[in-house]
Amino acid sequence: MMPTVRYSLGDVVRMKKQHPCGSFEWEILRVGMDFRIRCLKCGRMVMLPRPKFEKSVKALVKSAIPEATTVQNSSQ
Ligand SMILES: [Zn+2]
Numbered sequence: 134m135m136p137t138v139r140y141s142l143g144d145v146v147r148m149k150k151q152h153p154c155g156s157f158e159w160e161i162l163r164v165g166m167d168f169r170i171r172c173l174k175c176g177r178m179v180m181l182p183r184p185k186f187e188k189s190v191k192a193l194v195k196s197a198i199p200e201a202t203t204v205q206n207s208s209q
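Under this note's numbering, the first residue of the sequence shown is numbered 134, with each subsequent residue one higher.
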């Protein structure tokens, strides 16, 4: 069993499958029963049912919630 990850708006996730444009990374625009995500490279938006979305995600790249991330990137 995988631990439950809480996704929130603004999170960036890495997908298992590569988008035709070559990108693996998507930004979460909406959470709920369905997730709406946007490809970071080409900007295409896709709606996915939550179970399908969770199966497609390989990793959470960037969390929009500061407490959820232990590593902080302070380079400016
Ligand atoms: Zn794309």
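Every residue gets a Cβ at the ideal spot worked out from N, C-alpha and C, and that includes glycine.
- Query: Cβ of Ser156 versus every heavy atom of ligand 1: is any distance shorter than 7 Å?
  - Reply: yes
- Task: Please list, in chain order, all residues of the same chain as Ala192 whose beta carbon is under 6 Å from its beta carbon, the five residues on each side excluded.
- Result: Arg147
- Item | Neighbourhood of Asp167 by C-beta, 6 Å cutoff - its chain only, sequence neighbours within 5 removed | Met180, Pro182
- Task: Would you kindly work out how many angstroms separate the C-alpha atoms of Leu142 and Val194, rounded to a whole number?
- Result: 13 Å
- Query: Which one of Gly155, Val164, Ala197 has the shortest CA to CA distance from Cys172?
  - Reply: Gly155
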